[in-house]
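Residue numbers (this note's numbering): 97 to 297.
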Amino acid sequence: MEKICYTAFVAAFLIGGQALAADVQKLPQPDLTQPLPALMELLNARQSVRSFNKDKPIDEQTLSEILWTAFGVNKHGKRTIATARNEQNMKVFVLREDGIWFYNAADNQLEKISEENAIPFTAEKQAFVNNAPLHLIYTSSDMHLGHNHAGSAYQNVYLYATAKGLATVIRGLVNFEELHRALKLNKDEFVIVHQPIGYAE
Ligand SMILES: Cc1cc2nc3c(=O)[nH]c(=O)nc-3n(C[C@H](O)[C@H](O)[C@H](O)COP(=O)(O)O)c2cc1C
């Protein structure tokens, strides 16, 4: 497995209209040739799971593949999901205890935008969520079509999770205001849904 390197990223990058210093976590290349159960089998087995083992983390290879499945760049130079007018304007954020990260699919890396642990803002109404080691937040600025993009992405992740024995559930019960602030979203951007991922207890 390719080794993850954490490098201090001294340059500033632009996200949400704000220049921020950040750390970068390079991701290993997703393994696109691994044998997985067939699509019909996965669709038949897919379900929401609301139990997470807080002591069983997700390794970097799996993390990379989850993110690629959700919104990675495919062999056509497009995304793993269809997007309206090919605008590809959804943003996927990763929440972990070590902070908030933006998924830069083109560079296959995570870019830290905050040290804040924002997981509690996803879990106010369902405490089991706190046990998941990985949390995806789907955001958009497209009021009309952004939800469709999130739906495509979270279904991809459901299917990958099913194939890999991971637990996940898509969720709308989050503190939208606090997440909007913590993710440093622009006024025209909004949080759509939250997807915790981990291994079931
Ligand atoms: C847009 C959306 C929002 C959801 N929000 C929540 C949620 O906040 N909490 C939760 O436990 N499940 C949530 N769910 C999961 C549904 O409860 C679940 O998909 C449904 O009960 C069917 O179960 P299944 O996914 O196992 O087929 C949500 C599902 C969707 C599609």
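Idealized CB from N, CA, C, for every residue including glycine.
Fair warning: this is a prediction, and the values are worked out from it, not measured in the lab.
Looking only at its own chain, which residues have a Cβ that is under 7 Å from the Cβ of residue i, when we skip the five neighbours before and after it?
| i | result |
| --- | --- |
| T258 | L138, A141 and R142 |
| D219 | Inspection of the sequence shows that residue 219 is occupied by Ala rather than by Asp. V225 and N226, listed in sequence order. |
| C101 | Residue placement at C101 is flagged as unreliable, the pLDDT there being 40, under the threshold of 50; a coordinate-derived value is accordingly withheld. |
| L110 | Note that L110 has pLDDT 44, beneath the 50 cutoff, so the model's placement of it is unreliable and no number is given. |
| E297 | S147, F148 and N149 |
| H243 | I288 |
| Y254 | R142 and T264 |
| G113 | Because the pLDDT of G113 is 39, which lies under 50, any placement of that residue in the model is unreliable, and the number read from its coordinates should be weighed accordingly. Taken in chain order, the residues that qualify are N282. |
Within the same chain, show all residues whose beta-carbon is closer than 6 Å to that of residue i, passing over the 5 residues directly before and after it, in chain order.
| i | result |
| --- | --- |
| K171 | none |
| Q184 | R175 |
| I266 | Y250, V289 and Q291 |
| F217 | N271, E274 and L275 |
| S144 | V265 |
Grab the span of the beta strand (DSSP E) containing residue i for me, first residue to last.
| i | result |
| --- | --- |
| L230 | L230 to S236 |
| V324 | Only positions 97 to 297 of the chain appear in this structure, which leaves residue 324 out of reach. |
| V190 | K187 to R192 |
| Y256 | That residue, Y256, is in no beta strand (DSSP E); its alpha helix (DSSP H) goes G242 to K260. |
| K283 | Looking at the DSSP string, K283 is not in any beta strand (DSSP E), and its letter there is neither H nor E. |
| Y295 | First-last for Y295: undefined, no H or E at that position. |
| G173 | Unbroken run through G173: none, as it is neither H nor E. |
| L206 | Q205 to S210 |
| N336 | Outside the modelled stretch of the chain, which goes from 97 to 297, sits residue 336, for which no answer is possible. |
| I215 | Unbroken run through I215: none, as it is neither H nor E. |
Quick check: residue i and residue j, are their CB atoms within less than 9 Å of each other?
| i | j | result |
| --- | --- | --- |
| L230 | R192 | yes |
| L232 | Q157 | no |
| S236 | A278 | no |
| A223 | I215 | no |
| N182 | D194 | no |
| I169 | A134 | In the sequence under discussion, the amino acid at residue 169 is Val, which differs from the Ile named in the question. Not in contact: V169 and A134 (Cβ atoms no closer than 9 Å). |
Starting from residue i, trace the alpha helix (DSSP H) in both directions and tell me its first and last residue.
| i | result |
| --- | --- |
| R277 | F272 to A278 |
| Q157 | E156 to F167 |
How should residue i be labelled, buried or exposed, when 16 other C-beta atoms within 10 angstroms of its C-beta is the threshold for buried?
| i | result |
| --- | --- |
| S147 | exposed |
| N252 | buried |
| M136 | exposed |
| K208 | buried |
| M239 | exposed |
| L206 | buried |
| T103 | Interpretation of T103 is limited by its pLDDT of 39, a score under 50 that renders its predicted location unreliable; no figure is taken from the coordinates. |
| K283 | exposed |
| A117 | In this predicted model, A117 has a pLDDT of only 47, less than 50, meaning its place in the structure is not dependable; the value taken from the coordinates is given anyway. Flag for A117 reads exposed. |
By Cβ distance below 8 Å, which residues in the same chain neighbour residue i in space, the five residues on each side in sequence not counted?
| i | result |
| --- | --- |
| V287 | I233, Y234, T235, V270, F272, L275, H276, L279 and L281 |
Please tell me whether residue i has its Cβ less than 9 Å away from any Cβ of chain B.
| i | result |
| --- | --- |
| F217 | Looking for chain B here will not work: only one protein chain is present. |
List the whole-angstrom C-beta distance separating residue i from residue j, where the pair is believed to meet the contact cut-off of C-beta under 8 Å.
| i | j | result |
| --- | --- | --- |
| I177 | S248 | 4 Å |
| V190 | F167 | Not really, about 11 Å apart at Cβ, beyond 8 Å. |
| Y295 | A246 | At roughly 24 Å, the Cβ-Cβ gap does not stay under 8 Å, so Y295 and A246 are not in contact. |
| Y256 | T165 | 4 Å |
| A298 | L241 | The chain is shown only over 97 to 297; residue 298 falls outside these bounds and no answer can be derived. |
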